[in-house]
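A.B. asks:
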Amino acid sequence: MTDDTCDCEYFSEGDWVESKLNSSIFGIVVGESDFGRYYHVQLAGTLEIRAMHAVTIRHMDVQDDEPPVATKQPVDDNVIQVDFTKRQPLKPNTTTEGAA
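Quick note: the sequence shown uses the numbering used here, first residue 1, plus one each step.
#1: Could you tell me whether the Cβ atoms of Thr46 and Leu21 are closer together than 8 angstroms?
#2: Pick out whichever of Val29, Arg87, Ser19 has its Cα sitting closest to the Cα of Ser12.
#3: Tell me whether Leu90 sits in a helix, a strand or coil according to DSSP, three-state version.
#4: What does the Cβ neighbour count give for Tyr39, buried or exposed, with the cut at 16 atoms within 10 Å?
#5: Classify Ala51 as helix, strand or coil using the three-state DSSP reduction.
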């Protein structure tokens, strides 16, 4: 996010917002409660709706119907990425390389 963007305190339904603490968490405002103290944000790529405190979110540069593109975080060389959506059959002779 650039320095010349707005530092709004209020958000409307349909606004794209991101977390100030972790910009990879972003979504669209779908509602508010407690007179704008909390905003209900549907996270991008999911159906999950989270209540976020107004001071922890900010507007994103992109404000249209298309969702912003998430940036990939770099992966260290010693990290083994695992796809938990694929079934991994475990049998007594399966090597788990030290994992449980």
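Heads up, the beta-carbon is just placed ideally off N, CA and C, and yes, glycines get one too.
C.D. replies: According to the structure shown:
#1: The answer is no: Cβ separation not under 8 angstroms.
#2: Ser12 has its Cα closest to that of Val29, out of Val29, Arg87, Ser19.
#3: Three-state result, Leu90: coil.
#4: Counting Cβ neighbours within 10 Å, Tyr39 comes out buried, since at least 16 surround it.
#5: When secondary structure is reduced to three states using DSSP, Ala51 falls in the strand class.
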